[in-house]
Structures are given as structure tokens and as C-alpha cells.
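Protein chains in written order, with the working numbering: chain A, 17 to 145; chain B, 17 to 145. Idealized CB from N, CA, C, for every residue including glycine. These figures come from a predicted structure and were not determined experimentally.
Protein chains: 2
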Amino acid sequence: MYSIQDVSGRTGLSTHTLRYYEKEGLLSPVSRTPGGFRQYTDEDLEALGLICCLKNTGMSLQEITRFVRLTRQGDETLRERVELLREHRESVIQRMNEMQKYLEKVTWKLNFFSEKLRAYEDLKARQEQ
Amino acid sequence: MYSIQDVSGRTGLSTHTLRYYEKEGLLSPVSRTPGGFRQYTDEDLEALGLICCLKNTGMSLQEITRFVRLTRQGDETLRERVELLREHRESVIQRMNEMQKYLEKVTWKLNFFSEKLRAYEDLKARQEQ
DNA sequence: TATTGACTTAGAGTAAACTTTAAGGTTTAC
DNA sequence: GTAAACCTTAAAGTTTACTCTAAGTCAATA
Numbered sequence: 017m018y019s020i021q022d023v024s025g026r027t028g029l030s031t032h033t034l035r036y037y038e039k040e041g042l043l044s045p046v047s048r049t050p051g052g053f054r055q056y057t058d059e060d061l062e063a064l065g066l067i068c069c070l071k072n073t074g075m076s077l078q079e080i081t082r083f084v085r086l087t088r089q090g091d092e093t094l095r096e097r098v099e100l101l102r103e104h105r106e107s108v109i110q111r112m113n114e115m116q117k118y119l120e121k122v123t124w125k126l127n128f129f130s131e132k133l134r135a136y137e138d139l140k141a142r143q144e145q
Numbered sequence: 017m018y019s020i021q022d023v024s025g026r027t028g029l030s031t032h033t034l035r036y037y038e039k040e041g042l043l044s045p046v047s048r049t050p051g052g053f054r055q056y057t058d059e060d061l062e063a064l065g066l067i068c069c070l071k072n073t074g075m076s077l078q079e080i081t082r083f084v085r086l087t088r089q090g091d092e093t094l095r096e097r098v099e100l101l102r103e104h105r106e107s108v109i110q111r112m113n114e115m116q117k118y119l120e121k122v123t124w125k126l127n128f129f130s131e132k133l134r135a136y137e138d139l140k141a142r143q144e145q
């Protein structure tokens, strides 16, 4: 069992964000101590891991919420969930390919400017002589 | 020479966004017809290409604006621009590596659910018999 | 027992990057 | 020559994902 503070440390999400996610339905209601404090289970941490994974690959909180709701509805929704993940996976791959291309352009520009800088500094050095 | 509409079509940016970028200083003031209409040059298109490249690799408009301003200041700022691009390149590579790891997790989850779906449908088929 | 940190709800505030609206002027195709 | 299409600026509005504040109560630790 983990306090909200523990979970914040482990996930890198602020306590505000953790409560916000729960309120928005990204995370099932977390169990409480008799006094009403949140007690996160290993399962909750696992769920948060998947949420972060989806979020960090560009899925919107809205879509993640949809996925989580489907999960809660049980095996009836397996097909839909598989479909959702498959589409997400494709879009991530596509985005990574795009990124790769953009990265090549950045690298090209960087080399171009590096070369220009070298020439410029050579020139300055010669002028100072 | 290209109208704002042409450029919108070529870049995928809306005419609103093109004007917004110019107003915000991401793009140097575009030349005009006698009537005041924007006339984009090939150079402008080139500049927009770099802007989109940086934006699509996660650079904020603020940072892009900084980069563009440095470019306008000439060779004095070459070192700074090289530094900026180098740092950006590193951050893109790091993000891509992270994405790769997250993608593996998504793939794993997808396979897990696919298998579960297969088992579930088998079960249903057997029940229907 | 005092202090620190947790809890609640509700709602306001923030930042980025657009996106739309308002009110009007310019071009061009028929 | 006129209507449709396209242009202008300035400013307000939208969306996403938080982030913070308020105001009051409860729990745990030194």
C-alpha cells in the first residue's frame, strides 16, 4: 500500500495530477484508510504505468479514459481494446518514422551551420592576425 | 510567388496560422502586392519548412522564434544557433529512445490482449456449440 | 501537543498553440 | 459591374492538461 506521496515519487506525477486523474476517471477510485486517505495498491501502480505509457506515446487523456472504461467493462470489450491499441501502435510507429525524417533534417541543418561557423571563425582568426 | 492560400495548401498550416506565425515573429514579414496581399517567396517556404521541422520535433514556438531572431542577426550568432540545434537534436534522440521503450510496452500489452481475446472467443464458440 | 502533511469539493488560473469572430477592404471571374 | 472569393487587423475564445487556491477537517509524528 502506497500513500499519494509515495505514488507521486514513483510515477513522477504530482499529487494534484493523481487526484485529477482519479476524478477524471483515468484511474478507478483508489481505496482509502478509515480516515479517508488514499491507499494505492500495486494494481493501481500497474494501471498508472500503462496510463503513463499511453500518455507518453501521445494518446490524449480522453482516449486513455475510454480505454480504461472499456477495461472495467470486462472481456466483452476485449476486441475493442485490441483494436484501440493496434491503432495507437500504428500511429506511434508512424510518428516515429516522421520524427526520424525530421531528425535527419535537423542533423543536416546542424552540420550546415557547424560548417558555416567553422568558416566564419577561420575568417575572423585570419582578420585578427 | 505564392498566395497565402497556396502556402496553406503546401504546408498544411491554416491561413490563420500563417498570419499568426508572422505576427509572432516566427516568419520574417512577408512581401505584399500593391493591394496589400501577402506574396510568399521560395525563401519563405524554405523558412516555413524549417519551422515545421522544429515544431514537429517538439520545439516550442517560443524557442523557434528565438532561433529565427538569431538567424536574422547574422553570422555573429552562428555559435549560439549551432548550440541550440545540437541541444534540440539531443533531446529529440532521447525522446525517440523513450518512445521506442514505450512502444515495446504497448506492443506487449497488445499481444497480451490479443491472446486473451483469442481465448475468450474460443470459449464463447465452445459454449455456443 | 504542536507541527506537518493528508484529506475533501469546487472552482479559478495558467500556458501553449491555435481558432474564430468582427468589421471591413480588394480581386477576379462571369 | 457585381458577386463570390479572398484579403486585412485586432482581439476574444477554445482546447488540453494540468496547477493552484480556498476553506475547512483529519491523521501521524516528534
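Asked, Found
"Among Leu-133/A, Gly-41/A, Leu-66/A, the one whose alpha carbon lies nearest that of Thr-93/B", "Leu-133/A"
"Endpoints, alpha helix (DSSP H) assigned at Ser-24/B", "20 to 27"
"Cβ distance (whole Å) where Val-23/A is taken to contact Ser-130/B below 8 Å", "Not confirmed; about 30 Å, so no contact."
"Interface flag, Arg-102/B vs chain A, CB-CB below 8 Å", "yes"
"From Arg-102/A, Thr-123/A, Glu-106/A, Glu-96/A, residue whose alpha carbon lies closest to that of His-104/B", "Thr-123/A"
"For Gln-89/A, three-class secondary structure by DSSP", "coil"
"The segment 18 to 35 of chain A in contact with the segment 47 to 58 of chain A per 3-pair CB rule at 8 Å", "yes"
"Top-ranked residue by Cα proximity to Ile-109/A, from Glu-96/B, Ser-47/B, Leu-139/B, Glu-120/B", "Glu-120/B"
"Residue-chain proximity (Tyr-118/A, chain B), Cβ-Cβ < 8 Å", "yes"
"Listed by chain order, chain A residues near Leu-94/B by CB distance under 7 Å", "Phe-129, Lys-132, Leu-133, Tyr-136"
"Nearest-angstrom Cα separation, counted from Lys-71/A out to Tyr-136/B", "28 Å"
"Burial state of Asp-138/A, where buried means 16 or more other Cβ atoms lie within 10 Å", "exposed"
"Residue-chain proximity (Thr-49/B, chain A), Cβ-Cβ < 8 Å", "no"
"CB-CB length for Met-112/A against Met-112/B, believed under 8 Å", "6 Å"
"Contact list for the segment 69 to 99 of chain B against chain A, Cβ threshold 7 Å", "Cys-69, Asn-72, Thr-73, Asp-91, Leu-94, Arg-95, Arg-97, Val-98"
"Exposed unless 16 or more other CB atoms sit within 10 angstroms - verdict on Ala-63/A", "buried"
"Lys-117/A versus Thr-73/B - alpha carbon distance", "10 Å"
"First through last residue of the alpha helix (DSSP H) which encompasses Glu-40/B", "Where Glu-40/B is concerned, there is no enclosing alpha helix (DSSP H), given that its DSSP letter is neither H nor E."
"Nearest to Leu-77/A (by Cα), restricted to the options Glu-40/A, Thr-87/A, Leu-100/A", "Glu-40/A"
"From Arg-82/A, Arg-102/A, Val-46/A, Leu-29/A, residue whose alpha carbon lies closest to that of Lys-125/B", "Arg-102/A"
"Spatial neighbours of Ile-67/B in its chain, beta-carbon cut-off 8 Å, leaving aside the 5 residues before and after", "Tyr-37, Leu-42, Leu-43, Ile-80, Val-84"
"Neighbour flag for Glu-106/A against chain B, beta carbons, 8 Å", "no"
"DSSP state of Ser-107/B mapped onto helix, strand, coil", "helix"
"Opening and closing residue of the alpha helix (DSSP H) in which Gly-65/A lies", "58 to 72"
"Leu-61/A to Ser-107/B span [Cα, whole Å]", "28 Å"
"Same chain, Cβ closer than 6 Å to Thr-27/B, neighbours up to 5 away in sequence not counted", "Leu-64"
"Proximal chain A residues relative to Val-122/B, where beta-carbon distance stays under 7 Å", "Cys-69, Thr-73, Leu-101, His-104, Arg-105, Val-108"
"Buried or exposed by the 16-neighbour rule on C-beta atoms within 10 Å, applied to Met-115/A", "buried"
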